[in-house]
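Before any comments, here is the structure.
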Amino acid sequence: MKASDYDLELEDLNRRATIRLLASESFDATAFAALKDYLSGKAEAIKSEHVVSKQVLGVLRDASKAIRNQAPYVPQARDNLSLADEFEMILDLMIIGESPSDRIPGVPRII
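Sequence positions in the sequence shown follow the numbering used here and run 3 to 113.
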């Protein structure tokens with residue numbers, strides 16, 4: 003699969019996490035964890051690519067925005083607000099050609 007191909011698995015994970023939160027105001031921590039893990043793996047797979055799918059970028063932004071927007075209304079979203087930061091960090095790392103596995107807490111980075 004190329005970086006620009008449409009990803010059906012990502013679509014399903016997004017539906018179970020982000021779309022569910024927005025549609026039913028129900029935060030599924032397991033679904034969001036699966037989405038984050040999948041996107042972290044995706045970031046690793048495409049970090050050397052020059053083209054990133056709009057779908058991947060959109061899912062990252064939508065997940066972050068959905069958690070932040072629903073936090074005032076959904077207690078579980080409010081409790082997991084830091085997850086929005088993690089999705090934004092994955093997006094930021096993709097932009098600079100890195101992945102979450104490149105950043106290990108407590109270990110200095112050599113550039």
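Cβ coordinates follow ideal geometry from the N, Cα and C atoms, glycine included.
For Ile48, tell me which candidate among Ile92, Ile69, Val76 has the shortest Cα-Cα distance.
When only C-alpha atoms are compared, the closest one is Ile92.
Entirely enclosed alpha helix (DSSP H) segments - the region 7-47, minimum 4 residues:
10-16, 22-26
How far does the alpha helix (DSSP H) with Thr62 in it reach, from first residue to last?
What sits at residue 62 in the sequence shown is Leu, not Thr. Its alpha helix (DSSP H) spans residues 56-72.
Coil, strand or helix - Ser103 by DSSP
helix
Sorted by chain position, which residues of the same chain lie with C-beta nearer than 8 Å to Gly99's C-beta, five sequence neighbours on each side aside?
Lys49, Ser50, listed in sequence order.
Rounded to the nearest angstrom, how far is the Cβ of Ala65 from that of Thr20, given a contact under 8 Å?
5 Å
What span of residues does the alpha helix (DSSP H) with Ser84 cover, start to end?
For Ser84, the enclosing alpha helix (DSSP H) has its first and last residue at 84-97.
Where do the ends of the alpha helix (DSSP H) carrying Pro77 lie?
77-81
To the nearest angstrom, how far is the alpha carbon of Val76 from that of Val54?
In a straight line, the C-alpha of Val76 is about 32 Å away from that of Val54.
By Cβ distance, which residues of its chain are closer than 8 Å to Ser42, with the 5 residues on each side in sequence left out?
Ile92, Ser101, Pro102, Ser103
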